[in-house]
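**Q** Quick note: the UniProt record's numbering has the sequence shown finishing at residue 302, numbered continuously throughout.
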Amino acid sequence: MPRIARQKKEDAIFHVMARSISEVDLFKDNEDKLNYLSLVKKYQKIYEFRVYGYCLMDNHLHLIIDANGADISRIMHSINFSYAQYFNHRHKRHGHLFQDRFKSKMVKSEIYLYALSAYVHNNPCDIKGYEDCPEKYEFSSLSIYLGLRHDPYELVDDGFIMGMFSKNSKKARESYMKLVYKCSDKVFKEEVEFLNEGTEYRSERKILVRNIKTKEILEFIASKLGIEKIKLHTKHCREIVEAKALAVLLMRSFCNLKCSEICRVLGNITQSRVSKLSSLGVKLLDDEKYKNITYEFMEQYA
Numbered sequence: 001m002p003r004i005a006r007q008k009k010e011d012a013i014f015h016v017m018a019r020s021i022s023e024v025d026l027f028k029d030n031e032d033k034l035n036y037l038s039l040v041k042k043y044q045k046i047y048e049f050r051v052y053g054y055c056l057m058d059n060h061l062h063l064i065i066d067a068n069g070a071d072i073s074r075i076m077h078s079i080n081f082s083y084a085q086y087f088n089h090r091h092k093r094h095g096h097l098f099q100d101r102f103k104s105k106m107v108k109s110e111i112y113l114y115a116l117s118a119y120v121h122n123n124p125c126d127i128k129g130y131e132d133c134p135e136k137y138e139f140s141s142l143s144i145y146l147g148l149r150h151d152p153y154e155l156v157d158d159g160f161i162m163g164m165f166s167k168n169s170k171k172a173r174e175s176y177m178k179l180v181y182k183c184s185d186k187v188f189k190e191e192v193e194f195l196n197e198g199t200e201y202r203s204e205r206k207i208l209v210r211n212i213k214t215k216e217i218l219e220f221i222a223s224k225l226g227i228e229k230i231k232l233h234t235k236h237c238r239e240i241v242e243a244k245a246l247a248v249l250l251m252r253s254f255c256n257l258k259c260s261e262i263c264r265v266l267g268n269i270t271q272s273r274v275s276k277l278s279s280l281g282v283k284l285l286d287d288e289k290y291k292n293i294t295y296e297f298m299e300q301y302a
């Protein structure tokens with residue numbers, strides 16, 4: 001059985017649910033749902049997160065996302081903002097499409113993860129015609145889990161969860177399908193549907209995707225921390241590790257750069273090191289000094 005490593009917030013697995021405002025459906029037809037899935041794939045390539053399951057209903061959606069080092073709020077803001085622009089243009093409307101806050105809950109155990117995925121895949125049972133055959137619903141990843149169809153976007157990593165049931169794919173699918181049908185239990189649904197105290201709420205408005213020049217970020221950090229800009233390109237310099245970590249964080253947040261691209265900007269650094277510096281940058285935001293520097297950067301450039 002695969003094991004889930006002890007997770008930190010920046011690389012945790014999340015159950016995400018987003019819902020439209022009450023007066024309009026989130027998806028008016030299949031074309032809308034296909035567009036949403038294509039956007040998930042687009043931003044998966046940018047942020048390199050993993051998807052363990054999804055289900056798109058008419059007025060809401062569920063995603064199970066392994067953030068893989070990225071910010072879940074930034075991921076969802078990017079996807080939902082792009083979809084809202086598409087939706088409003090296509091359907092000739094204006095204004096908000098999503099409710100102000102999407103919900104995200106961190107997955108903290110293996111048992112919860114596979115139970116959650118079964119719950120998400122049980123959603124189509126609420127649709128007329130799919131009560132007894134949720135696997136036939138096109139806009140759920142259940143049929144991919146059961147090997148009934150190819151994943152058109154190569155979006156879902158189904159092996160991680162299915163491996164928890166059995167190494168034998170046939171037995172794993174049989175066991176998993178039984179669990180999916182058990183998910184109508186009220187107590188189970190209340191636990192999974194964000195009604196307990198463990199729920200985390202993230203506002204998509206707080207995270208903005210920017211396209212700032214890396215040169216501006218490096219000059220800003222050097223100026224604020226009183227160091228020479230050239231030192232940010234130095235391989236071994238312990239005295240500026242926090243400055244470099246903050247620079248990496250800002251580049252990932254505001255330049256849409258992958259770790260490999262940041263390597264080329266800084267020079268003399270590995271992708272693994274960039275990833276570790278990014279994690280350190282997240283931790284630095286708990287310090288008022290670095291938090292204020294980040295806010296000042298946003299006010300000046302964002």
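Cβ atoms here follow ideal geometry from the backbone N, Cα and C, with glycine treated the same way. A quick note: this is a predicted structure, and the numbers were derived from the prediction, not measured.
Would you call the stretch 40-60 in contact with the stretch 107-126, where contact means no fewer than 3 C-beta pairs closer than 8 Å?
**A** With a cut-off of 8 Å, the stretch 107-126 and the stretch 40-60 count as touching, because enough Cβ pairs lie within range.
**Q** List the endpoints of the continuous beta strand (DSSP E) containing Y139.
**A** Before going further, note that residue 139 is Phe rather than Tyr in the sequence given. Where F139 is concerned, there is no enclosing beta strand (DSSP E), given that its DSSP letter is neither H nor E.
**Q** Express the C-alpha separation of E228 and K103 in angstroms, rounding to a whole number.
**A** Whole-angstrom Cα-Cα distance: 42 Å.
**Q** Would you check if the distance between the CB atom of E14 and the CB atom of M106 is smaller than 8 Å?
**A** According to the sequence as given, residue 14 is Phe; it is not Glu. Yes, the pair counts as a contact, with Cβ atoms nearer than the cut-off.
**Q** Helix, strand or coil for G281, going by three-state DSSP, please let me know.
**A** Note: G281 maps to helix in three-state DSSP.
**Q** Taking the CB atoms as reference points, tell me whether E131 and L146 lie closer together than 8 Å.
**A** Not in contact: E131 and L146 (Cβ atoms no closer than 8 Å).
**Q** Express the C-alpha separation of E154 and D66 in angstroms, rounding to a whole number.
**A** Roughly 15 Å between the two C-alpha positions.
**Q** If we call anything under 8 Å between Cβ atoms a contact, is T294 one with L280?
**A** Not a contact, by the Cβ cut-off of 8 Å.
**Q** I need the straight-line Cα distance from H60 to F98, nearest angstrom please.
**A** Answer to the nearest angstrom: the Cα atoms are 9 Å apart.
**Q** If you count every other CB in all the chains shown that lies within 10 Å of the CB of R264, and 16 or more means buried, which is it?
**A** Under this definition R264 is an exposed residue.
**Q** With DSSP as the reference, label K41 as helix, strand or coil.
**A** Reduced to three states, the DSSP call for K41 is helix.
**Q** With which residues is Y54 paired in a DSSP beta bridge?
**A** Answer by DSSP bridge pairing, in chain order: L63.
**Q** Only counting the same chain, and skipping five residues up and downstream in sequence, which positions put a Cβ closer than 8 Å to that of T199?
**A** Confidence in T199 is poor, its pLDDT being 40 and thus under 50, which makes the residue's placement unreliable; the coordinate value appears in the next sentence. Here the set comprises K103, K105.
**Q** Does the ligand MG have a heavy atom nearer than 7 Å to the CB of N168?
**A** Because no ligand of any kind appears in the structure shown, any question about the ligand MG cannot be addressed here.
**Q** Run the CB neighbour count on G267, radius 10 Å, all protein chains shown included, and call it buried at 16 or more, exposed below.
**A** Its Cβ having fewer than 16 others within 10 Å, G267 is exposed.
**Q** Can you tell which of K291, K182, R238 has its C-alpha closest to the C-alpha of K224?
**A** Nearest of K291, K182, R238 to K224, Cα basis: K291.
**Q** For E48, which of C259, A245, D32, H89 has the nearest alpha-carbon?
**A** The option with the nearest alpha carbon to E48 is C259.
**Q** In terms of residue numbering, what span does the beta strand (DSSP E) encompassing M17 cover?
**A** First-last of the beta strand (DSSP E) with M17: 13-19.
**Q** I need the DSSP call for A172, collapsed to helix, strand or coil.
**A** Three-state result, A172: helix.
**Q** Under 8 Å between the Cβ atoms of I221 and Y301?
**A** Taking 8 Å as the Cβ cut-off, I221 and Y301 do not qualify as a contacting pair.
**Q** Between the C-alpha atoms of S272 and R252, what's the straight-line distance to the nearest angstrom?
**A** One C-alpha to the other measures close to 14 Å.
**Q** Cα-Cα, which of K283, Q44, S109 is closest to D157?
**A** Considering only alpha carbons, the answer is Q44.
**Q** Do H62 and M17 have their beta-carbon atoms positioned less than 8 Å apart in this structure?
**A** Taking 8 Å as the Cβ cut-off, M17 and H62 qualify as a contacting pair.
**Q** Report yes if the C-beta distance between A247 and L218 is below 8 Å; otherwise report no.
**A** It is a contact, given that the beta carbons lie within the stated cut-off.
**Q** For a quick check, are the C-beta atoms of S82 and L39 less than 8 Å apart?
**A** Yes. Within cutoff.
**Q** Could you give the first and the last residue of the continuous alpha helix (DSSP H) run that contains E239?
**A** That residue, E239, is in no alpha helix (DSSP H); it is neither H nor E in DSSP.
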